[in-house]
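Step one of this worksheet: look at the structure below.
Numbering (our numbering), first residue to last: 1173 to 1431.
The following block contains the structure:
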């Protein structure tokens, strides 16, 4: 540890998922296969959406960016580190590496805005089909993407600002297999109850706000389908159900990790 007014732990130790070698071996195989499948699938989808001219529409613009972000999430977040640590008896991460894993919250922020963008795209396509190309212009798609990155980066920097003012001079053991801000705050050598509350409010505001916007979008879309009995309603509902599945998987994963 570095001495000074604000002592900083040079590394943190993960307890991991289990101490059983047999279970670790099983997790290694399962995680490696799942990781490679995720990487391969995201690369193929992004590649196909890029080279196929029929997919160069506003609808697939956000979808391709979402899978591109997922590709970055698979590569830069906790999965590679977790798989690597399954080979090791001592599972440690440097303070800088821990900060990088926390900064990857930017990916979650970007994904939420992209999901909202996709919902807005479906709303315009179903409720205002004659104005679709005018509203969902390339300029609008770029603005949505810029807003997504701006929100994601500001959200992560806001959280990292908490760590910059905290001293870490006591225990450096994390009962987990990756770094996250709530667990790191518990290791600080000071009272962090207010900071934990602010982190919860910050993350909760973004999650609840995004989910509320998505929910309102679905209400408008379903009301339009019910009111006008559109001839292409079955196709619209099919598209909407696919997007709903992605949203439920994303927020379901978020709730599971948070709890």
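Glycine included, each C-beta is placed from N, C-alpha and C at the ideal position.
How many Å lie between residue i and residue j at the Cα?
{"i": "residue 1184", "j": "residue 1327", "result": "24 Å"}
{"i": "residue 1377", "j": "residue 1323", "result": "12 Å"}
{"i": "residue 1344", "j": "residue 1359", "result": "7 Å"}
{"i": "residue 1380", "j": "residue 1193", "result": "40 Å"}
{"i": "residue 1374", "j": "residue 1332", "result": "12 Å"}
{"i": "residue 1363", "j": "residue 1384", "result": "33 Å"}
{"i": "residue 1277", "j": "residue 1353", "result": "10 Å"}
{"i": "residue 1282", "j": "residue 1237", "result": "10 Å"}
{"i": "residue 1314", "j": "residue 1298", "result": "21 Å"}
{"i": "residue 1369", "j": "residue 1329", "result": "17 Å"}
{"i": "residue 1311", "j": "residue 1280", "result": "23 Å"}
{"i": "residue 1125", "j": "residue 1336", "result": "One cannot answer for residue 1125 here, as it falls past the ends of the chain, which runs 1173 to 1431."}
{"i": "residue 1140", "j": "residue 1242", "result": "Given that the chain is displayed from residue 1173 to residue 1431, the structure contains no residue 1140 and the question cannot be resolved."}
Residues bridged to residue i by DSSP?
{"i": "residue 1346", "result": "1186"}
{"i": "residue 1319", "result": "Paired residue(s): none; residue 1319 is not in a bridge."}
Can the beta-carbon of residue i be found less than 7 Å from the beta-carbon of residue j?
{"i": "residue 1244", "j": "residue 1349", "result": "no"}
{"i": "residue 1440", "j": "residue 1389", "result": "Outside the displayed span of the chain (1173 to 1431) sits residue 1440, for which this structure offers no information."}
{"i": "residue 1240", "j": "residue 1218", "result": "yes"}
{"i": "residue 1382", "j": "residue 1284", "result": "yes"}
{"i": "residue 1210", "j": "residue 1246", "result": "yes"}
{"i": "residue 1274", "j": "residue 1351", "result": "yes"}
{"i": "residue 1356", "j": "residue 1367", "result": "no"}
How would you call residue i, buried or exposed, if buried means at least 16 neighbouring beta carbons within 10 angstroms?
{"i": "residue 1261", "result": "exposed"}
{"i": "residue 1186", "result": "buried"}
{"i": "residue 1253", "result": "buried"}
{"i": "residue 1251", "result": "buried"}
{"i": "residue 1392", "result": "exposed"}
{"i": "residue 1300", "result": "exposed"}
Any heavy atom of the ligand HEM inside 6 Å of the beta-carbon of residue i?
{"i": "residue 1308", "result": "Ligands displayed in this structure: none; no statement on the ligand HEM is therefore possible."}
*Please list the segments of the alpha helix (DSSP H) lying wholly inside the region 1206 to 1254, counting only runs of 4 or more residues, in order along the chain.*
1230 to 1248
*asked:* I'd like the ranges of any alpha helix (DSSP H) spanning at least 4 consecutive residues and lying wholly in the region 1247 to 1317.
replied: Whole alpha helix (DSSP H) segments, 4+ residues: 1250 to 1257, 1267 to 1275, 1277 to 1299 and 1304 to 1307.
_Every unbroken alpha helix (DSSP H) inside the region 1332 to 1380 [4 residues or more]_ = 1353 to 1357
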